[in-house]
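**Student:**
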Amino acid sequence: MERIPILRMGDLLLVTIQVDMHDRLAMQLQDDLTERIVKDSAKGVLIDISALDLVDSFIGRMISNTAAMARVLDARTVVVGMQPAVAITLVELGLTLHGVKTALNVEKGMALLGKSYK
Amino acid sequence: MTDVQTDAVLFETGLLDYRRQQRTGRVTLPLRSDEDVVGLRKQVRERAVAIALSLVDQTKLVTAASELGRNTIKYGGGGEVHLDALDDGVRRGIGLLFVDAGQGIPDIDNALRDGFTTGGGLGLGLGGSKRLVDEFDIDSRPREGTAVLIVKWKR
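Protein sequence lines correspond, in order, to chains A and B.
So in our numbering, the last spot in the first sequence is 140, and the numbers never skip.
So in our numbering, the last spot in the second sequence is 156, and the numbers never skip.
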């Protein structure tokens with residue numbers, strides 16, 4: 023079955039979404055991530071959406087829900103790399119990703135999670 | 002571009018005749034599964050690039066198509082979408098007409114309001130899609146079906 027890979031870096035989990043996700047794939051990612059947070063005792067989740075040229079209400083809700091679930095599991099989530107056109111469309115659609123932390127790129131996202139490259 | 006013809010008309014609506022003199026190259030795609038929505042997004046993106054829509058307008062149109070395509074499957078029980086190239090003599094555009102033979106929308110005004118949902122979602126689909134495009138029309142009848150038309154013009 024098709025899956026989006028989740029990489030572990032120390033106590034961070036890194037997800038780079040590089041395919042146009044259909045709805046089941048988005049739900050699968052949500053399940054996989056919550057499972058990995060617990061299994062790897064992860065403290066932070068970084069979701070890189072820089073390759074996504076669209077975030078609709080379904081994907082947006084998946085991202086919000088994942089961040090909320092991670093919070094309950096004692097991990098923080100940062101979404102990084104949103105394209106400007108995607109941001110404009112999201113807000114006009116009425117989706118504000120309430121409660122989701124964002125950063126412009128992976129480096130800033132890691133800084134937000136209290137990590138540094140060394 | 003593949004031209005997938007599905008089984009005739011699902012819901013007899015006047016919207017099928019919209020801008021008859023101004024549209025060309027109609028392609029009809031089935032909407033039955035998640036993968037069909039992904040395929041639709043790809044085709045709409047290709048057409049938007051072909052008429053040189055700005056990146057923001059491309060993204061708005063593809064996002065609206067994604068929302069409405071999902072509605073057709075989730076609430077309409079599946080259906081089809083017609084993709085049209087438009088030219089009104091002054092500007093070029095893209096028209097998308099979503100048709101299903103589902104239960105219809107009992108109260109359209111309500112359904113267009115943000116936060117209205119019967120499907121457990123965020124309720125942004127219909128009203129949100131309307132905001133993302135230049136023209137929006139809807140024809141829905143109880144137990145017959147629903148047709149939603151959106152148009153985006155090149156600025």
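Glycine included, C-beta positions come from ideal geometry on N, C-alpha and C.
If you're wondering where the values come from, they're calculated on a predicted model, not measured in any experiment.
Can you pull out the residues from the segment 84-112 of chain B whose beta carbon lies closer than 8 angstroms to at least one beta carbon of chain A?
**Tutor:** So nothing in the stretch comes that close.
**Student:** Determine which residues of the segment 85-114 of chain A have a Cβ less than 7 angstroms from any Cβ of chain B, and write them out in chain order.
**Tutor:** Within the segment 85-114 of chain A, the residues whose Cβ lies closer than 7 angstroms to some Cβ of chain B are 107, 108, 110, 111 and 114, listed in chain order.
**Student:** Counting only the same chain and skipping the five closest in sequence on each side, list residues whose C-beta sits under 7 angstroms from that of residue 23 of chain B.
**Tutor:** In the second sequence, the residue the question calls residue 23 of chain B occupies position 22. So the list reads 87, 88 and 89, once near-sequence residues are dropped.
**Student:** Whose C-beta lies closer than 8 angstroms to the C-beta of residue 134 of chain B among residues of the same chain, with five residues either side of it excluded?
**Tutor:** One-based indexing of the second sequence puts residue 134 of chain B at position 133. These residues qualify, in order along the chain: 61, 62, 65, 151, 152 and 153.
**Student:** Given that a residue counts as buried once 16 or more other Cβ atoms are within 10 Å of its Cβ, and exposed if not, what is residue 55 of chain B?
**Tutor:** Position 54 of the second sequence, counting from 1, holds the residue named residue 55 of chain B. Result: exposed.
**Student:** Output, in chain order, the set of chain B residues within a Cβ distance shorter than 7 angstroms of residue 121 of chain A.
**Tutor:** The count along the first sequence starts at 1 and reaches residue 121 of chain A at position 99. Per Cβ cutoff of 7 angstroms: no residues; residue 121 of chain A is ~14 angstroms from chain B at best.
**Student:** Would you give the residue range spanned by the alpha helix (DSSP H) that residue 109 of chain B belongs to?
**Tutor:** In the second sequence, the residue the question calls residue 109 of chain B occupies position 108. That run of the alpha helix (DSSP H) goes 109-112.
**Student:** Of the residues A/70, A/78 and A/67, which one's Cα is nearest the Cα of residue 118 of chain A?
**Tutor:** If you number the first sequence from 1, residue 118 of chain A lands on position 96. The residue with the shortest Cα to Cα distance from residue 118 of chain A is A/78.
**Student:** Hey, how far is the Cα of residue 26 of chain A from the Cα of residue 106 of chain B?
**Tutor:** As a first step, residue 26 of chain A is located in the first sequence; it is residue number 4 there, counting from the start. As a first step, residue 106 of chain B is located in the second sequence; it is residue number 105 there, counting from the start. Cα-Cα distance, rounded: 36 angstroms.
**Student:** Give me the DSSP bridge partner(s) of residue 39 of chain B.
**Tutor:** In the second sequence, counting from the first residue as 1, residue 39 of chain B sits at position 38. None; residue 39 of chain B has no bridge partner.
**Student:** Reducing DSSP to helix, strand and coil, say where residue 141 of chain B ends up.
**Tutor:** Position 140 of the second sequence holds residue 141 of chain B. Note: residue 141 of chain B maps to strand in three-state DSSP.
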